[in-house]
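One structure is given here, and the rest of the page talks about it.
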Amino acid sequence: MTNEVLVAGELLDLDAETQLLPTYQANDLTKPESIQSDYAPEFSVPFTPRNHRLLGQAAYGTSSLTRAYRYTEAVLRCAGVETMPRALLLVMGAEGGRYQLRLVGGNRRFVDALSEVVTRADGTQGEKTLRDLDFSRFDHNWSAENIAVRLQAGHFASVGWGYLLADRGKPLNLEEVSPYELYPTVSAKLIWRQMLAEAGFTANDWASPLLDALEVPSVAESGLSEAFAKARTGNLGIGPDHEQDKGESVNRPDTELDIPFGLTGQLGHVNSPNGNFDPVAFTYTADVACYVDVDVALPVYFRLSNSRCSAKVYVDCIRANGQVGRVVDGERVETRKDGWIWAQASSTRIFLAAGDQLKAKVQLRGLDAGFPVWGYRAFVYGTPNGYRNYFRVTCTQELAPGGPMRLQDWLPDLKLLDFFKVLVQLGGLSPQVDLYEDRLQLTPTRALLDQVPQARDWTRKRDAPAVHAHLPRSLSFDFGSYGQRNYLKWAEDGAALDNKEPATTAPQGYGDGYLSCPDQTLPPEAVLATLPFAATLPSPRLQGLPLLPLYRENSDGTDYERQSIVPRLLVRAGDTTDVVLLADGVSTPVTAGLAYFASDDPLRPSLDASTYVLPRNWAALQAMLPEARYLKEQYRLSAADVAGFDFTTPIWDGVLGDFFAVTRIVEHDPRRATVVELARLHPAYLLPLPVPGEAPGFEFYGREFSPTEYY
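The opening residue of the sequence shown carries number 1 in the UniProt record's numbering; numbering runs sequentially from there.
Take a look at the structure:
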C-alpha cells in the first residue's frame with residue numbers, strides 16, 4: 001500500500017482489503033458556482049488494537065475519547081510525500097470487523113470556518129452572516145457631526161467604509177442634504193478581511209481591480225437590535241406603601257401629583273434589564289438616544305357631594321439640559337358620582353436623548369363652580385375594581401439621531417459562505433487552501449491563459465493506450481450544464497420610483513452577461529450563476545449618484561412611501577462631488593466619494609457582466625467552451641506531482657497537441673497510471689506560443705525516470 005494515513009503521528013493499520021485511492025480537486029474550474037469540490041476518499045481499515053486506540057474505540061461507542069461524530073486531524077502520505085498533510089478523518093461506521101472511514105481535504109476547513117453556527121443575542125442560532133461579523137471598532141453615535149466626518153471621500157479610502165451619497169427615491173438637494181438620509185457603505189475588502197480574521201485564516205491578495213473597488217451599500221435604514229430594545233423596555237407599577245386617601249373637602253384645589261411608579265417583580269411589573277427605571281425617583285432615564293412608546297394608566301376613586309371631578313395622567317420629560325416639556329398628555333376622565341375611574345394616556349415615537357428622564361404625573365380637579373366638595377383615593381396597590389396601574393416604556397428599534405450605530409447591522413442578511421461565492425464569481429477566482437497552514441490561495445482563473453507559457457509538459461508522463469496511440473482515451477464534446485449562451489445574472493428587483501408602469505427601476509437583464517458557446521446541440525440558454533444582489537441604475541435626476549430607491553411616490557403622487565429593495569453592490573473609483581449637509585440649522589460642506597454600478601470607460605472596473613466581469617475574469621472558462629473537448633486521460637504521476645497541485649497552471653500534451661486545464665486527478669496511485677480529467681483551452685483564445693519544450697519555464701518531463709507499469 002503506497003498511500004498511508006497517520007493519526008496523532010501513528011500509522012493506521014491497513015491491509016490487503018484497504019483501497020485508499022484519493023482524488024484531488026481544489027475546485028471545479030468548469031463550474032463557476034463551485035468553491036468547494038472536496039476530495040473525500042472513502043476506505044476501510046481492519047479492527048486491530050492500534051486502530052481501536054487511534055479511533056477512540058469508536059466501534060464500542062462507550063469511550064469519551066471516541067473519534068466518531070467529529071473530524072480528526074490526519075495526514076495522508078504517499079511514497080513518503082505528505083499529499084494531504086492536514087486532512088480531516090471521519091469515522092463513518094463499522095461493519096464486518098472493519099472501520100469505514102472518509103478522508104476529507106480540499107477547501108473543507110475554510111468552508112466549515114465560514115459556515116460556523118452562532119448563537120445571537122436574542123437566543124436564536126444560525127449560520128454566520130455578514131451581520132454577525134464584529135465591526136464594533138467602528139461603533140459611533142448616529143449624529144450629524146459623525147456622519148459628516150465619515151462622508152468624506154478620504155475617510156472611506158483610509159478605513160474601508162463611510163457614508164454614501166445616493167438617490168434614495170426622494171428629491172435630493174445637494175445644497176441641503178439631511179445627514180440622516182445618508183446610510184453607510186462598506187468595502188468588500190474590509191468585509192473579506194474581517195471574515196478571514198474571524199475564521200482564523202489568512203489569504204493572499206486577490207489581484208482583482210474590481211474586488212478592490214467593490215463596496216456593499218446599505219439599502220435600508222437599520223434599527224436597533226431586538227435585544228438592545230428589549231433591554232431598555234420595562235413596566236412599573238405602584239407598591240403598597242404609597243396609597244393616598246383624602247376625604248371630602250370644600251373647595252379642594254386642583255391637585256397635581258407625581259405618580260409613585262416603583263413596583264417591580266410583582267403583578268407582572270418588571271424593570272428594564274438595563275435598569276432604566278429608578279424605583280425611588282419614579283423616573284425612566286434613557287442611557288442612549290432612542291425613540292420610545294409610553295403608556296401610563298392610573299385608577300382613582302372619587303368621593304363627591306353634588307360635584308363633578310376629573311383625572312388626567314400625563315408624562316413630562318426632563319431633558320438633560322434641564323428643560324421640561326410634556327411628551328404624553330392623556331384625555332381628561334370625568335365622573336359625577338362616587339366610584340372608580342381609570343385615567344390613561346399613551347404616545348408613540350417620543351425622542352429621548354441620552355440622559356433625558358420621563359416622569360408620570362396625575363392631575364385631579366373639581367369641575368363645578370361655587371363650592372365643590374370632593375375627595376379621592378389614589379395610588380392603590382393591586383387592581384382596584386379590576387383596573388391596573390402601570391407606567392410602561394417601550395424602546396423601539398428605530399434608530400434615533402445620536403443613537404448607537406453598529407456598522408454590521410446595516411449589512412445584508414447574507415451568509416458568509418454566500419458572500420464569498422459572490423466574490424469568487426465576480427473576481428473569477430480559484431480558491432485553494434494551503435497544505436500546511438490556514439491560508440487561502442486566491443488565484444484568478446484567467447491565470448490558466450496567462451500561464452500557458454509556463455505550462456507543465458506532461459507528454460512523456462502520458463500512459464500509452466493499447467490502441468490508437470495518438471487519439472484520446474475518452475473524449476466528450478461537451479461538459480457541465482452549459483448552453484449556447486451561458487448567463488451570469490443579477491437578482492431581479494421589483495423596486496420602482498412610483499406606482500406606475502413599468503414596475504421596476506431597472507430593465508430586465510440589465511447588467512447581465514453571457515459566455516458564448518457556438519454548439520447547436522446545446523440548449524439555447526443556461527445560467528452560470530444568479531447573484532444575490534440586484535443591478536443598479538444611475539440616478540435619472542442627479543448625475544454621478546446611484547439609484548437605490550428606498551422610497552417611491554404613493555398612488556396619488558402626493559407623498560413618498562417606503563419599499564424593500566434587493567441588496568446591491570457598487571464600485572468606487574475615486575470620483576467625488578461637493579455637498580452641503582444641513583442639520584439643526586448648521587451647514588457643513590463635505591467632499592463626498594461617489595460610487596457606480598457600470599462604467600463605459602473600459603479602463604475602469606465595472607459590474608456589468610457583459611462588458612467587464614465575464615470577458616475579463618472568466619476568460620479561461622470562455623476558452624474551454626467553444627468546440628469543447630473534455631478528456632479523461634491517463635498519466636503516470638508521482639506523489640510530488642499531486643502534492644499541492646496548482647489547478648490554475650495548464651498542462652501541455654504533445655500527443656494531443658493542445659493545452660488543457662486539469663479539472664480533477666482521479667484515484668491517484670503512483671504505482672499505476674492515474675486518470676486525469678482535462679478541459680481543452682481553445683487555441684483561438686491563446687497567444688501565439690513557441691514550440692513547447694523550447695520556451696523558458698517549461699518542465700522537461702522527458703528527462704524524468706518513469707518506471708514501467710506492472711499490472
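Every residue gets a Cβ at the ideal spot worked out from N, C-alpha and C, and that includes glycine.
Just so we're clear, the structure is a prediction, and the values are computed from it rather than from any experiment.
Touching or not, the stretch 369 to 382 and the stretch 248 to 262, by the rule of three or more beta carbon pairs under 8 Å? yes
Which one or two residues does DSSP pair with F379 in a beta bridge? Answer is none; F379 lacks a bridge partner.
Residue range of the beta strand (DSSP E) that G247 falls in? 244 to 250
How many angstroms separate the CA atom of Y685 from the CA atom of R446? 11 Å
Below 8 Å, how does it come out for the stretch 486 to 500 and the stretch 451 to 458: are there three or more Cβ pairs, yes or no? no
Taking one C-beta from the stretch 594 to 612 and one from the stretch 434 to 442 each time, how about it: are there three or more such pairs within less than 8 Å? no
Is R568 helix, strand or coil by DSSP? strand
Got a sec? Which residues, its chain only, sit under 7 Å from T264 by beta carbon, not counting five neighbours each side? L236, V270, N271, P279
If you draw a straight line from the alpha carbon of A695 to that of F659, how long is it in whole angstroms? Unreliable placement is indicated for A695, whose pLDDT of 41 sits below 50; no coordinate value is reported for it.
Tell whether a beta-carbon distance below 8 Å holds between R109 and L90. no
Alpha helix (DSSP H) segment containing F138, residue limits: Counting along the chain, F138 falls outside any alpha helix (DSSP H), and DSSP gives it neither H nor E.
Classify V424 as helix, strand or coil using the three-state DSSP reduction. helix
Look at the alpha carbon of A297 and the alpha carbon of P273, and state the distance between them as a whole number of angstroms. 22 Å
Contact check, P406 vs D112 under 8 Å by CB: the rounded distance? Residue identity differs from the one stated: residue 406 is Arg in this sequence, not Pro. Contact flag wrong, Cβ pair sits at about 27 Å.
Among residues of its own chain, excluding the 5 on either side of G428, which ones have a beta-carbon nearer than 7 Å to its beta-carbon? P444, T445, R446, N617, W618
My assumption, with CB atoms under 8 Å, is that residue 726 sits in contact with R336. Please give the rounded CB distance. This structure leaves residue 726 out entirely; the chain is present only between 1 and 711.
So, for Q244: in the same chain, excluding its five sequence neighbours on each side, which residues have a beta-carbon less than 6 Å away from its beta-carbon? A378, F379
Check this for me: beta carbons of F479 and Y291, under 8 Å apart or not? no
In this structure, what does DSSP give as the bridge partners for P444? L429
So which of F156, V676, T48, A643 has the shortest CA-CA distance to D434? A643
C-alpha gap between E221 and W410, whole angstroms: 7 Å
Alpha-carbon spacing of L625 relative to H682, whole angstroms: 8 Å
With a threshold of 16 other CB atoms inside 10 Å of the CB of E256, please say whether the residue is buried or exposed. exposed
Mapping DSSP to helix, strand and coil, what is S555? coil
When Y69, N146, A26 are compared against L581, the one with the closest alpha-carbon: N146
Would you check if the distance between the CB atom of P412 and the CB atom of L130 is smaller than 8 Å? yes
What first and last residue would you give for the beta strand (DSSP E) that runs through L196? Here L196 belongs to no beta strand (DSSP E); instead the alpha helix (DSSP H) covers 188 to 199.
Output needed for L656: all residues of its chain with C-beta closer than 7 Å, excluding positions within five of it in sequence on either side, in chain order. P472
With distances taken between CB atoms, is the gap from P540 to P546 smaller than 8 Å? no
Cβ-Cβ separation, A360 to F261 (assumed contact under 8 Å), whole Å: 6 Å
In this structure, what does DSSP give as the bridge partners for P546? P538
Start and end of the alpha helix (DSSP H) containing F228? 226 to 230
Could you work out which residue in K128, Y60, V117 is closest to G97 when comparing CA atoms only? Y60
Going by DSSP, what residues sit across from I318 in a beta bridge? V324, Q357
Helix, strand or coil: how does DSSP classify P209 here? helix
May I ask you to list the residues that DSSP assigns as paired with N3? C78
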